[in-house]
Every structure is written in structure tokens, then in C-alpha cells.
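Asks: Quick mapping for you: the protein sequence lines, in order, are chains A and B.
In terms of my numbering, the first sequence opens at residue 294 and continues consecutively.
In terms of my numbering, the second sequence opens at residue 36 and continues consecutively.
Before we start, here is the structure in question, set down as C-alpha cells.
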Amino acid sequence: MKLRKKILCGLLSVGAIASLLTGCGKKDAKTFTVGFDAEYPPYGYMDDNGEYTGFDLELAEEVCKINGWELKKQPIAWDNKDNELNSGSIDCIWNGFTINGREDAYEWSVPYVDNSQVIVVKANSGITKLSDLEGKTVGVQAASAALELLSDEEGQKELADTFKKLQEFADYNTAFVELQADSVDAIAMDIGVAQYQINGRGDEFIILDEHLNAEQYGVGFKLGNTETRDKVNSALKELKKNGKFDELAEKYGLSDMTCLEP
Amino acid sequence: MNFVTMLEQISSGMLKTILIFFLTLLFSLPLGWIIAFGRMSKNKILSGITGFFISVLRGTPLMLQLVVVFYGPYFLFKWSITNWRFPAIIVGFSINYAAYFAEIYRSGISAIPVGQYEAAHILGYTKIQTFFKIILPQVVRIILPAVTNEVITLVKDTSLAFTLSYMEMFTITKQIASAQTTFMPFAIAGLFYYIFNLLISFIMRRLEKRLNYY
Numbered sequence: 294m295k296l297r298k299k300i301l302c303g304l305l306s307v308g309a310i311a312s313l314l315t316g317c318g319k320k321d322a323k324t325f326t327v328g329f330d331a332e333y334p335p336y337g338y339m340d341d342n343g344e345y346t347g348f349d350l351e352l353a354e355e356v357c358k359i360n361g362w363e364l365k366k367q368p369i370a371w372d373n374k375d376n377e378l379n380s381g382s383i384d385c386i387w388n389g390f391t392i393n394g395r396e397d398a399y400e401w402s403v404p405y406v407d408n409s410q411v412i413v414v415k416a417n418s419g420i421t422k423l424s425d426l427e428g429k430t431v432g433v434q435a436a437s438a439a440l441e442l443l444s445d446e447e448g449q450k451e452l453a454d455t456f457k458k459l460q461e462f463a464d465y466n467t468a469f470v471e472l473q474a475d476s477v478d479a480i481a482m483d484i485g486v487a488q489y490q491i492n493g494r495g496d497e498f499i500i501l502d503e504h505l506n507a508e509q510y511g512v513g514f515k516l517g518n519t520e521t522r523d524k525v526n527s528a529l530k531e532l533k534k535n536g537k538f539d540e541l542a543e544k545y546g547l548s549d550m551t552c553l554e555p
Numbered sequence: 036m037n038f039v040t041m042l043e044q045i046s047s048g049m050l051k052t053i054l055i056f057f058l059t060l061l062f063s064l065p066l067g068w069i070i071a072f073g074r075m076s077k078n079k080i081l082s083g084i085t086g087f088f089i090s091v092l093r094g095t096p097l098m099l100q101l102v103v104v105f106y107g108p109y110f111l112f113k114w115s116i117t118n119w120r121f122p123a124i125i126v127g128f129s130i131n132y133a134a135y136f137a138e139i140y141r142s143g144i145s146a147i148p149v150g151q152y153e154a155a156h157i158l159g160y161t162k163i164q165t166f167f168k169i170i171l172p173q174v175v176r177i178i179l180p181a182v183t184n185e186v187i188t189l190v191k192d193t194s195l196a197f198t199l200s201y202m203e204m205f206t207i208t209k210q211i212a213s214a215q216t217t218f219m220p221f222a223i224a225g226l227f228y229y230i231f232n233l234l235i236s237f238i239m240r241r242l243e244k245r246l247n248y249y
């Protein structure tokens with residue numbers, strides 16, 4: 294009986310906590326909910342203190358300051374990004390989001406980063422150019438721009454057809470471990486992310502000099518949501534003018550990749 | 036990120052994992068009884084509907100059910116789902132586990148010989164008295180090992196909440212692992228799950244002993 298009471302008591306208190314957690318939600322200023330992949334450094338990730346940060350998130354923070362919005366950082370599963378955006382649980386996708394190939398699927402902000410899709414291999418693999426990838430297994434993130442590029446007739450599908458296999462991954466951490474363990478021979482990914490990963494893992498890996506393509510990053514809004522898009526655009530331009538944008542790019546080592554026009 | 040911060044972060048995720056765990060049990064254990072009674076009802080329609088409900092929930096992946104519960108309200112009815120993420124997880128887990136519990140309850144009830152109902156009837160017990168005073172205490176004892184099994188599975192299944200990007204232990208672990216480019220957090224999370232389950236099997240074993248009155 295005593296035990297039963299204790300269990301009941303425990304359950305009730307958990308219930309009370311839960312109602313506290315979900316019950317309150319004050320709405321003062323407009324909240325601006327940014328959807329991002331929290332496993333995508335340096336654009337969006339968890340920092341050493343356990344806070345979400347990154348080039349894109351700090352930029353979003355500054356945009357919110359200008360517009361008087363309250364920023365809400367909502368990590369999303371990258372596979373579910375369209376569901377999240379269309380159902381309105383986030384206001385935009387802002388996380389190293391490639392415009393090329395998705396032009397008509399979203400309302401796009403102005404492009405702000407010049408990106409390339411590149412191939413990462415082990416330094417001692419003997420692979421030095423794209424044609425060496427023939428008959429190799431190549432890893433790529435599911436629903437990523439790299440995957441789209443490699444499956445697009447007008448993109449690099451011809452190259453991808455020479456691969457033994459295109460292996461899809463949920464996140465780059467797993468992909469790198471598989472590369473290290475030789476279960477894949479190469480990974481196709483964004484150059485900024487590749488640089489971050491290689492910095493964290495030492496000189497065991499290299500980026501091939503030959504890039505798969507050149508493309509640009511923007512912020513993606515739901516089709517028709519031009520109002521928010523325009524406000525973000527003008528705020529971005531303001532940040533470029535007052536130098537804040539370049540300061541952040543410097544901080545995250547992306548200076549030579551930015552393309553935002555003032 | 037140093038080791039202590041990593042532990043702190045993973046522990047904060049653990050709290051959310053525990054929250055999902057208890058809320059799911061809180062709703063699914065009673066709901067399971069309702070479904071079990073529906074399933075065992077003499078009313079063909081009622082038992083048909085609950086039977087279908089159970090077969091769908093047991094026959095489709097929990098991950099898919101979570102996605103349907105979270106996005107469904109918007110894509111079917113255009114309702115806003117801004118504050119729906121956490122409730123959706125609880126609803127998804129609860130109905131799924133209720134379906135499993137219902138079948139466990141049913142197995143327990145079927146295990147009681149018909150003779151006991153007849154004896155209780157002759158002794159003048161009403162149907163409700165028979166159930167609560169004679170059947171239920173035995174059923175609880177019979178089903179406890181099977182329920183323990185499900186409860187332990189639930190601890191591990193909470194990690195599926197990462198599909199809806201809820202910051203429970205597994206989601207946070209994955210994020211730390213990718214920001215720090217290491218697999219270490221997974222080892223810590225594994226240990227946390229294991230300790231949690233050790234605790235649960237300990238409690239359930241004590242409960243079983245207490246109910247072992249023969």
C-alpha cells in the first residue's frame with residue numbers, strides 16, 4: 294500500500310511538472326521560429342556550453358534584433374524540413390540551405406554564402422580527382438543538396454553513375470566514422486561543413502581540389518510568405534552595411550565564402 | 036566541450052526522457068484496460084473496432100505513428116501545431132503502448148479459469164465485485180513480468196522522439212556527438228539508459244516478490 298501511494302505520488306508530480314512545461318506560452322512580441330539542423334556545424338550546432346549557436350543562428354539573432362522579433366531556435370530533423378515548414382511549426386529554414394535546384398520550392402531570401410559541394414576522402418586513399426571515384430562507395434546526407442546534385446541529370450548524375458554505390462546518411466558524424474572505418478570511400482558534402490569536420494578530426498582527411506559544383510545559400514520561407522522574407526532581406530542588407538555580417542563570417546571562418554550584396 | 040558539460044547536457048536530456056517515460060505510462064496503463072475490455076466485449080462492433088485499433092498500432096512502426104500524430108492535425112484539418120510537439124509525442128507513445136498493454140491484460144484475464152467466475156456467482160458476488168476482488172488481483176500477478184518487459188522497451192523507445200526533434204537524451208547526444216566530432220556521448224547515453232533500466236528491473240522485481248503470496 295505504501296509503495297502504491299509512493300508511485301501514485303510520483304506520477305502526480307510528474308504530471309504537474311508536465312502541465313507547467315506545456316501550459317504556459319505568453320505571446321508578446323512576434324516570435325520568429327528558425328528551423329535548423331543542430332548537427333550542421335559551423336552553421337547550426339550545440340556549442341561547448343550546450344547552447345545552440347553557429348553562423349546562421351547568430352545571423353538570425355541579429356535579424357530579429359532589427360525587426361524586434363523574438364527568436365526561437367527549433368532544431369529539426371532534416372528529412373522533415375518540408376513538413377515542419379508547411380505545417381507552420383517553423384517560420385523558415387535557415388541552416389546552410391542551398392538555393393540551387395530548389396528555386397521554385399521556397400520563397401528565398403537574398404543569397405548570402407557562396408558554397409560548393411565537395412568530396413572528402415581519406416588522405417592516404419589514393420583518390421585525388423573526381424574520376425578516381427569510379428567503382429567507389431560514396432556517402433551523402435539524406436535530403437541534402439549534395440544528394441540532389443548527384444541525382445540530377447543536369448547536375449552530376451553522370452559522375453554518380455560511375456560510383457559503385459551512393460550511401461545515404463542521417464548525419465555527418467556517422468558518415469565520417471564510416472569513412473574512417475573504410476566502409477565508404479568518400480563523402481559528398483558542403484565545403485563549409487567539410488572544413489569544420491576536418492578541423493575537428495585532424496589531417497587524416499582531405500577535400501578534393503576538384504569541386505562538384507558552385508552554389509549559394511539562402512533562407513527558405515514557405516511559398517507565399519513574402520512579407521517575412523522581405524523583412525529578413527532588408528535586415529540582412531543592413532547587417533552587411535554596418536559590418537556585423539562580416540564580423541560573424543570572420544568569427545566562423547567563412548569570410549572568403551560570403552556573397553551578400555549591401 | 037569538457038566532460039562535465041557533456042554529462043550535464045546529456046543529463047538534461049535524461050530528465051526529458053524520464054518525463055516522456057512517466058507520462059506515457061500514466062496514460063497508457065489505464066487506456067490499455069479500456070481497450071482490453073473493448074477487445075473482450077461480447078459486442079461484435081466494439082470488439083471489431085478495438086481489434087482493428089490494436090492491429091494498426093502494433094502493425095505500423097512507432098516512428099511513423101509519431102510523425103502522423105504530429106503533422107496529421109495540420110495536413111488533415113489545417114490546425115496550427117505550434118505547441119503540439121511535446122503533446123504529440125506523449126499521445127503517440129501512449130496510444131501505441133496502450134495497444135500492447137491491452138493485449139497483455141487480455142492474456143492475463145483469459146488465464147483465469149471459468150470455474151472461478153461460476154464459484155463467485157454462486158457465492159453471491161456481483162460481476163463488478165468478482166472482477167475487482169477475485170480476478171484483478173490474480174491478473175496483476177500474472178501479467179507483471181510481461182508488463183516489465185514493455186516498460187523496459189519503453190525506456191529505450193523514448194529515443195524515437197528524435198524524429199520529432201524533441202530534445203530528449205538521444206537527440207541531444209546526437210547533437211553533441213556531431214558538434215564535437217566524437218562518438219563518446221553515445222557511450223555515456225548508453226550507460227544512462229542501462230542504469231535507468233537496472234533501476235526499473237529492480238523495482239519491478241520487488242513488486243513481483245511482494246505479490247508472490249502463495
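The C-beta atom is built at its ideal place from N, Cα and C for all residues, glycine as well.
(1) Does the beta carbon of D349/A sit closer than 8 Å to a beta carbon anywhere in chain B?
(2) Say yes only if the C-beta of G67/B is nearer than 7 Å to one or more non-hydrogen atoms of the ligand GTP, and no if none qualify.
(3) Go through its chain and collect everything with a Cβ distance to A507/A's Cβ below 6 Å, but skip five positions before and after it.
(4) Using beta-carbon positions only, say whether Q434/A and L440/A come within less than 8 Å of one another.
(5) So, with DSSP's three-state summary, where would you put A344/A?
(6) Below 8 Å between beta carbons: does that hold for I147/B and V174/B?
(7) Relative to chain B, which residues along the stretch 467-482 of chain A have a C-beta separation below 9 Å, given in chain order?
(8) How should Q164/B be labelled, buried or exposed, when 16 other C-beta atoms within 10 angstroms of its C-beta is the threshold for buried?
(9) Strictly below 8 Å CB to CB, what residues from chain A border E43/B?
(10) Just by C-beta distance, which residues in the stretch 385-401 of chain A are closer than 7 Å to chain C?
(11) Identify the continuous alpha helix (DSSP H) that holds N417/A and give its terminal residues.
(12) Could you tell me which residues DSSP pairs with G432/A in its beta bridges?
(13) Assuming A557/A and V413/A form a contact by the criterion Cβ under 8 Å, report the distance between their Cβ atoms to the nearest whole angstrom.
(14) Could you tell me the boundaries of the beta strand (DSSP E) in which Y399/A lies?
(15) Identify whether G318/A lies in helix, strand or coil by the three-state DSSP scheme.
(16) Quick test of the definition: if touching needs 3 or more C-beta pairs under 8 Å, does the stretch 342-355 of chain A touch the stretch 222-234 of chain B?
(17) From the DSSP output, in three-state form, read off M219/B for me.
(18) May I ask you to report which of helix, strand or coil DSSP gives A474/A?
(19) Give me the DSSP bridge partner(s) of S409/A.
(20) What's the C-alpha gap between Q473/A and K415/A?
(21) Could you name the residues of chain B that P555/A contacts, counting a contact when the two beta carbons are closer than 7 Å?
(22) Compute the Euclidean distance between the alpha carbons of G389/A and R395/A, then round it to the nearest angstrom.
(23) Taking a cut of 8 Å between CB atoms, which residues from the stretch 188-212 of chain B lie near chain A?
(24) Would you say I170/B and S142/B are within 8 Å of each other, going by their C-beta atoms?
(25) Taking T95/B as the query, report the chain A residues whose CB atoms sit under 9 Å from its CB, ordered along the chain.
(26) Say whether the stretch 324-340 of chain A touches the stretch 363-375 of chain A, bearing in mind that this needs 3 or more beta-carbon pairs closer than 8 Å, one atom from each stretch.
Replies: For this structure:
(1) Working through the first sequence from its first residue, we reach residue 349/A at position 56. Not an interface residue.
(2) Ligands displayed in this structure: none; no statement on the ligand GTP is therefore possible.
(3) Numbered from its first residue, the first sequence carries residue 507/A at position 214. Within the same chain, A507/A has close Cβ partners S409.
(4) Working through the first sequence from its first residue, we reach residue 434/A at position 141. Working through the first sequence from its first residue, we reach residue 440/A at position 147. Contact: yes.
(5) Translated into the one-based positions of the first sequence, residue 344/A becomes position 51. In the sequence as displayed, the identity of residue 344/A is Glu instead of Ala. DSSP places E344/A in coil when its eight states are reduced to three.
(6) For the purposes of this step, residue 147/B is taken as the residue at position 112 of the second sequence. For the purposes of this step, residue 174/B is taken as the residue at position 139 of the second sequence. A contact, by the Cβ cut-off of 8 Å.
(7) T467, F469, V470
(8) As a position in the second sequence, residue 164/B is number 129, starting the count at 1. The residue in question, Q164/B, is exposed, as its Cβ has fewer than 16 Cβ neighbours within 10 Å.
(9) Taking the second sequence and counting its residues from 1, the one referred to as residue 43/B is at position 8. Residues of chain A passing the Cβ test: G343.
(10) Absent here is chain C; the protein component of the structure consists of chains A and B.
(11) Position 124 of the first sequence, counted from the first residue, corresponds to residue 417/A. Element bounds for N417/A: n/a, residue is neither H nor E.
(12) For the purposes of this step, residue 432/A is taken as residue 139 along the first sequence, with counting starting at 1. For G432/A, which the question treats as bridged, DSSP gives the partners Q460/A, I480/A.
(13) The shown model of chain A, from 294 to 555, leaves out residue 557/A, and the question about it has no answer.
(14) Here residue 399/A is taken as the residue at index 106 of the first sequence, counted from 1. Where Y399/A is concerned, there is no enclosing beta strand (DSSP E), given that its DSSP letter is neither H nor E.
(15) Translated into positions along the first sequence, residue 318/A becomes position 25. For G318/A, the predicted model reports a pLDDT of 40, less than 50, meaning its position is unreliable and no value from the coordinates is stated.
(16) no
(17) Translated into positions along the second sequence, residue 219/B becomes position 184. DSSP places M219/B in helix when its eight states are reduced to three.
(18) Translated into positions along the first sequence, residue 474/A becomes position 181. Reduced to three states, the DSSP call for A474/A is coil.
(19) As a first step, residue 409/A must be located in the first sequence, where it is residue number 116. Answer is A507/A, bridged to S409/A.
(20) Mapped onto the first sequence, residue 473/A falls at position 180. Mapped onto the first sequence, residue 415/A falls at position 122. Taking the straight line joining both Cα atoms gives about 7 Å.
(21) Here residue 555/A refers to the residue found at position 262 when the first sequence is read from its first residue. Within chain B, no residue comes near P555/A; the closest Cβ sits about 32 Å away, beyond 7 Å.
(22) As a working mapping, residue 389/A is identified with position 96 in the first sequence. As a working mapping, residue 395/A is identified with position 102 in the first sequence. When rounded, the distance between both Cα atoms is 13 Å.
(23) F197, T198, L199, S200, M202, T206, I207, K209, Q210, I211, A212
(24) Counting from one through the second sequence, the residue named residue 170/B turns up at place 135. Counting from one through the second sequence, the residue named residue 142/B turns up at place 107. No, Cβ-Cβ distance for I170/B and S142/B is not below 8 Å.
(25) Looking up residue 95/B in the second sequence gives position 60. Neighbours of T95/B on chain A: none; closest Cβ ~18 Å, over 9 Å.
(26) yes
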